[in-house]
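K.L.:
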Amino acid sequence: MKSVGPVAIAVALAGLLACAAGLPAVTALDADVAGVPIAELQRGRDVYVAKCSGCHRLYSPAEYDDAAWDAHVHGMRDRAKLTDGDVAAIVAYVTAMNSARSPEVARRHTAPRMSPLPGATAGG
Ligand code: HEC
């Protein structure tokens with residue numbers, strides 16, 4: 134029988150929050166790979182949810198590559214009344230989270246969040 138510890142509860146809550154907007158939550162790994170401070174990615178996600186959900190669904194970051202996102206966010210700039218900082222933060226978030234830019238992140242996101250056993254290798 135499995136016990137439900139505080140970590141499991143925290144993970145479940147984080148999952149609920151992430152699902153509320155249907156968008157991937159930012160992790161330290163994403164920030165690391167993108168080379169952007171995690172606070173900036175977090176802000177980008179917040180601004181995206183706040184300013185881009187009024188007229189249509191929130192498109193998943195994975196739906197567009199970096200160039201398309203850049204064009205779309207700039208294209209929506211007036212409609213969403215974005216500041217320069219908003220544009221930069223949203224672009225940083227969606228391009229950090231789209232798997233087109235970072236197959237490595239996508240791969241690690243789908244991998245079990247556990248340390249490998251000591252001595253274990255990927256085998257290939
Ligand atoms: C005031 C309404 C409004 C707001 C706010 C808005 N959009 Fe849009 N968006 C539209 C409309 C209308 C379309 C479809 C027509 C078009 O592409 O011009 C659209 C289309 C899109 C598309 C799809 C384009 C395509 O051709 O596939 C993306 C991506 C997008 N918006 C992103 C955003 C982002 C990111 C934000 C926030 C920065 C945002 N939108 C805010 C009205 C809005």
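Per this note's numbering, the very first residue in the sequence shown carries number 134; after that it's consecutive. Note that CB positions come from ideal geometry on N, CA and C, so glycine has one too.
#1: With three or more beta-carbon pairs closer than 8 angstroms as the criterion, would you say the stretch 208 to 228 touches the stretch 171 to 181?
#2: Classify P170: buried if its beta carbon has 16 or more other beta carbons within 10 angstroms, exposed otherwise.
#3: Regarding A225 and ligand 1, is the C-beta to nearest heavy atom distance less than 8 angstroms?
#4: Measuring CB atoms only, is the stretch 224 to 231 touching the stretch 193 to 212, in the sense that at least three cross pairs come out at less than 8 angstroms?
#5: If I measure Cβ to Cβ from A233 and keep anything under 6 angstroms in the same chain, skipping five residues before and after, which residues do I get?
#6: Hey, A222 and R176 are a contact pair by Cβ (cut 8 angstroms); roughly how many whole angstroms apart?
#7: Taking DSSP as the reference, what is the three-state secondary structure of C188?
P.N.:
So, from the data block:
#1: Yes, since at least three Cβ pairs between the stretch 208 to 228 and the stretch 171 to 181 fall closer than 8 angstroms, the two stretches touch.
#2: In the sequence shown, counting from the first residue as 1, residue 170 sits at position 37. Here P170 is exposed: its Cβ has fewer than 16 other Cβ atoms, across all protein chains shown, within 10 Å.
#3: The residue you call residue 225 lines up with position 92 of the sequence shown. No, ligand 1 has no heavy atom inside 8 angstroms of this Cβ.
#4: yes
#5: As a first step, residue 233 must be located in the sequence shown, where it is residue number 100. Low confidence applies here, because A233 scores a pLDDT of 47, under 50, leaving its location unreliable; read the following figure in that light. Same-chain partners within the cutoff: D198.
#6: In the sequence shown, counting from the first residue as 1, residue 222 sits at position 89. In the sequence shown, counting from the first residue as 1, residue 176 sits at position 43. Rounded, the Cβ-Cβ distance is 5 angstroms, consistent with contact.
#7: Locating residue 188 in the sequence shown gives position 55, counting from the first residue. Three-state result, C188: coil.
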